[in-house]
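Q: According to our numbering, the stretch in the sequence shown is residues 68 to 255, in order.
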Amino acid sequence: MERTATPSWPSWKVLSACLLLGLLGKIAISAVLMAPQGFFPWVGPKASEAATASKSATPPATTVPRVMSLLEKERLALQARENAVATREEQLRVLKREVEERLKELSALQQRALEYLEEEKRMQGEQNRHLVATLEAMPADRASRLLEKMDDAVAAQLIRRMKGKEAGAILSMLSSDKAARLSQRLLK
Numbered sequence: 068m069e070r071t072a073t074p075s076w077p078s079w080k081v082l083s084a085c086l087l088l089g090l091l092g093k094i095a096i097s098a099v100l101m102a103p104q105g106f107f108p109w110v111g112p113k114a115s116e117a118a119t120a121s122k123s124a125t126p127p128a129t130t131v132p133r134v135m136s137l138l139e140k141e142r143l144a145l146q147a148r149e150n151a152v153a154t155r156e157e158q159l160r161v162l163k164r165e166v167e168e169r170l171k172e173l174s175a176l177q178q179r180a181l182e183y184l185e186e187e188k189r190m191q192g193e194q195n196r197h198l199v200a201t202l203e204a205m206p207a208d209r210a211s212r213l214l215e216k217m218d219d220a221v222a223a224q225l226i227r228r229m230k231g232k233e234a235g236a237i238l239s240m241l242s243s244d245k246a247a248r249l250s251q252r253l254l255k
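(1) Using a Cβ-Cβ cut-off of 8 Å (strictly less than) and excluding sequence neighbours within five positions of leucine 253, which residues of its own chain qualify?
(2) Evaluate contact between the stretch 204 to 222 and the stretch 173 to 188, counting only Cβ atoms and requiring at least three cross-stretch pairs below 8 Å.
(3) State the DSSP-derived secondary structure class of methionine 240, mapped to helix, strand or coil.
(4) So, helix, strand or coil for aspartate 218, using DSSP?
(5) For methionine 135, which three-state DSSP category applies?
(6) Using a 10 Å radius around the Cβ and a threshold of 16 neighbouring Cβ atoms, would you call leucine 170 buried or exposed?
(7) So what does DSSP say about lysine 163, is it helix, strand or coil?
(8) So, glutamate 215 versus lysine 188, is the Cβ gap smaller than 7 Å?
(9) Are the beta-carbon atoms of arginine 248 and aspartate 219 separated by less than 7 Å?
(10) Can you give the beta carbon distance from methionine 229 to glutamate 203, rounded, assuming they're within the 8 Å contact cut?
(11) CA-CA distance, alanine 153 and glutamate 141?
(12) Given a threshold of 16 other Cβ atoms within 10 Å of its Cβ, counted over all protein chains shown, does leucine 238 qualify as buried or as exposed?
(13) Tell me whether alanine 234 is buried or exposed, calling it buried when 16 or more other Cβ atoms sit within 10 Å of its Cβ.
(14) What's the gap between the Cα of glycine 92 and the Cα of leucine 82?
(15) Taking its Cβ as the centre, do 16 or more other Cβ atoms sit within 10 Å of valine 131, making it buried, or is it exposed?
(16) Is there at least one Cβ from chain D nearer than 7 Å to alanine 204's Cβ?
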């Protein structure tokens, strides 16, 4: 039986060297990071401008009145904005009331117009009934002469309201063209 060559693991020497290099690198990085501030100028946190005392910085005693004046200006601007919003809200309330009043007026006007139309229809119906009764009371030849001169739509409406016997008698006295047109309208 032949032995096959198995890959050998790195030797202990190589592993020891890698570990030693890693530890040295860690120590070097720790030393750089743990050094006192300013020892390495490129490493460590930078002092902000606010934390460093400079000769041109104003002392805190003079910034308080400045901040207070800025706050007062902002308060006045907010108050002016609030007043403008309140004024607009009041204008909107007034407009809303006006619109609601006009809507009430329009709905009342619409209701009156509908009542007027209903009354007109009722009166027209009464007039038509009276005319129908008058045409039925007339002799057929006289009623046919009146219907001959009327508009076809009105004549058909009147004949439709008449009793069958009277309507037939009147239709028989009309000219054949007019009787045919009225009969056609009566079918609709």
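Idealized CB from N, CA, C, for every residue including glycine.
A: If we stick to the structure as given:
(1) For the purposes of this step, residue 253 is taken as residue 186 along the sequence shown, with counting starting at 1. Non-local C-beta neighbours of leucine 253 in its own chain, meaning closer than 8 Å and more than five positions away in sequence, comprise Ala223, Ile226 and Arg227, ordered along the chain.
(2) As far as the Cβ criterion goes, the stretch 204 to 222 does not touch the stretch 173 to 188, which means the pair count is below three.
(3) Numbered from its first residue, the sequence shown carries residue 240 at position 173. Helix, per DSSP.
(4) Here the question's residue 218 lines up with position 151 in the sequence shown. Coil.
(5) On the sequence shown, residue 135 is found 68 positions in, with the first residue counted as 1. Helix.
(6) Within the sequence shown, the letter at position 103 stands for residue 170. Label assigned to leucine 170: exposed.
(7) Here residue 163 refers to the residue found at position 96 of the sequence shown. Three-state DSSP puts lysine 163 in a helix.
(8) Within the sequence shown, residue 215 is the residue found at index 148, counting from 1. Within the sequence shown, residue 188 is the residue found at index 121, counting from 1. No, the pair does not count as a contact, with Cβ atoms beyond the cut-off.
(9) Residue numbering aside, residue 248 sits at position 181 when the sequence shown is read from its first letter. Residue numbering aside, residue 219 sits at position 152 when the sequence shown is read from its first letter. In this structure, arginine 248 places its C-beta atom within 7 Å of the C-beta atom of aspartate 219.
(10) Against the sequence shown, residue 229 aligns to sequence position 162. Against the sequence shown, residue 203 aligns to sequence position 136. Confirmed, Cβ separation roughly 6 Å.
(11) Residue 153 sits at position 86 when you count from the first residue of the sequence shown. Residue 141 sits at position 74 when you count from the first residue of the sequence shown. The alpha-carbon atoms of alanine 153 and glutamate 141 are separated by roughly 18 Å.
(12) Your numbering for residue 238 matches position 171 in the sequence shown. It counts as buried.
(13) For the purposes of this step, residue 234 is taken as residue 167 along the sequence shown, with counting starting at 1. Classification of alanine 234: buried, given that the 10 Å Cβ count is 16 or more.
(14) Position 25 of the sequence shown holds residue 92. Position 15 of the sequence shown holds residue 82. Linking glycine 92 to leucine 82 through their CA atoms gives a straight-line distance of about 16 Å.
(15) By one-based count along the sequence shown, residue 131 stands at place 64. Only exposed fits valine 131, as fewer than 16 other CB atoms lie within 10 angstroms of its CB.
(16) The structure shown contains no chain D; it holds only a single protein chain.
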